[in-house]
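Read left to right, the sequence shown gives residues 1135 to 1424 (our numbering).
The C-beta atom is built at its ideal place from N, Cα and C for all residues, glycine as well.
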Amino acid sequence: MSSIRVKACAMTAAVAALFLSVPSHAETEPETTDPIVINGGELELPTVAPAPAHLEGVFDQIYSGWLFRDAATQAMQMDDFENPGMIFVDQGIDDWNTVEGKAGKSCASCHEDIESMKGVRAAMPKVNEAGDLWSMEDYINDCRTSRMQAEALEWDSDRMKNLTAAISVQSRGMPMDVAIDGPAEPYWEQGREMYYTRYGQLELACANCHEGHYGDWIRADHLSQGMTNGFPVYRLKQAALVSQHNRFRGCIRDTRGETFDMGSDEFRALELYVASRGNGLPVEGVSVRH
1135 MSSIRVKACA MTAAVAALFL SVPSHAETEP ETTDPIVING GELELPTVAP
1185 APAHLEGVFD QIYSGWLFRD AATQAMQMDD FENPGMIFVD QGIDDWNTVE
1235 GKAGKSCASC HEDIESMKGV RAAMPKVNEA GDLWSMEDYI NDCRTSRMQA
1285 EALEWDSDRM KNLTAAISVQ SRGMPMDVAI DGPAEPYWEQ GREMYYTRYG
1335 QLELACANCH EGHYGDWIRA DHLSQGMTNG FPVYRLKQAA LVSQHNRFRG
1385 CIRDTRGETF DMGSDEFRAL ELYVASRGNG LPVEGVSVRH
């Protein structure tokens, strides 16, 4: 084994040891909790909220990931003309109004203006009438296949991300409020178990980073509490919109573990649990992250 590989393995072991050995709540609080002021005051989004009841003993307050970004990245999200994700919102609105499929319909044919989607993002994911937990992507594809008689979109395709971004913007500023009781409870419990399960060769759980070490440095970035109220996000690293399930896959991949598929039942359950941790934080529309 080369000396470079030996050093790399030693560094990996050291990082794993850090996260496995340091107690929970070694977090660093944000320096400020300033609101996100959009378009010079057109809208102000709170960046802190009381932790939901089911996080008692874990957090007293929950924070937007925006607080953990550098000033330049924060500024992009504060101006819709500077926010690189907004061009994809415009493309999603175009798709909303585009007639497609054998039924000769568009999304607007049934739902009219996309503003009718206000409130949808704040409640996602949720249990449908059949008792299945669905993400926004599932509802979009159900409309496409059953009403428009068009082909379903790939979960992580550009068109799907554009549509989810355009729909999300309609709820910008509304507090996240996903249901976790009743028919949603077993899915929530499944997602909670996943959140605290260690994955991969590094044996890391979501909680190791986002609960026990938020505010700390990882590589050249700060760890956030892992809230999902800003998804889909425009990620500077990828110069593209990134969906929640794509990010889940990336995190598990970084543990050097076998990941679940985007759109899988496992990731839907995890999406519900993580979303519930952010109940009370506002939908940020398209946020900008590193």
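Provide the residue span of the alpha helix (DSSP H) that contains residue i, from first to last.
i, result
"GLN1208", "1205 to 1211"
"PRO1320", "1319 to 1329"
"LEU1375", "Where LEU1375 is concerned, there is no enclosing alpha helix (DSSP H), although the beta strand (DSSP E) it sits in stretches over 1374 to 1376."
"ARG1402", "1399 to 1411"
Going along the chain, which residues of its own chain have a beta-carbon closer than 7 Å to the beta-carbon of residue i, five neighbours each way excluded?
i, result
"GLN1208", "TRP1200"
"THR1279", "ALA1286"
"ASN1262", "TRP1268"
"ILE1227", "ILE1248 and ALA1300"
Per DSSP, residue i forms a beta bridge with which residues?
i, result
"ILE1170", "LEU1179"
"GLN1195", "PRO1184"
"ARG1423", "ARG1369"
Who are the near neighbours of residue i in its chain, counting only those whose CB is closer than 8 Å to its CB and skipping five residues on each side?
i, result
"SER1158", "Note that SER1158 scores 46 on pLDDT, short of 50, meaning its location in the model is unreliable; the coordinates nonetheless yield the value given after this. Taken in chain order, the residues that qualify are ALA1341, GLU1345 and GLY1346."
"ILE1352", "CYS1343"
Find the nearest neighbour of residue i within the set the options, judged by alpha-carbon distance.
i, options, result
"ASP1229", "THR1393, ILE1301, ARG1369 and ILE1386", "ILE1301"
"THR1298", "GLU1190, GLN1225 and PRO1164", "GLN1225"
"ILE1314", "PRO1164, PRO1186, LEU1336 and LEU1177", "PRO1186"
"ASP1214", "TYR1197, VAL1312, GLY1174 and GLU1246", "GLY1174"
"LYS1252", "THR1166, SER1305 and GLU1165", "SER1305"
"ARG1293", "ASN1413, VAL1303 and ASN1275", "ASN1275"
"VAL1376", "PHE1365, CYS1385 and ILE1386", "PHE1365"
"VAL1408", "PHE1394, GLU1327, PRO1218 and SER1398", "GLU1327"
"ALA1183", "GLU1323, TYR1321 and GLY1412", "GLY1412"
"VAL1223", "ARG1203, VAL1367 and GLU1400", "VAL1367"
Going by beta carbon distance, what residues of the same chain come within less than 6 Å of residue i, once the five residues before and after it are set aside?
i, result
"ALA1237", "MET1282 and GLN1283"
"PRO1309", "GLY1414 and PRO1416"
"MET1220", "ASP1214"
"SER1410", "VAL1312 and ILE1314"
Just to confirm the assignment, what range does the beta strand (DSSP E) spanning residue i have?
i, result
"ARG1369", "1367 to 1369"
Ranges of the alpha helix (DSSP H) found wholly within the segment 1215 to 1267, counting only runs of at least 4: List check, alpha helix (DSSP H) in window: 1220 to 1230 and 1241 to 1245.
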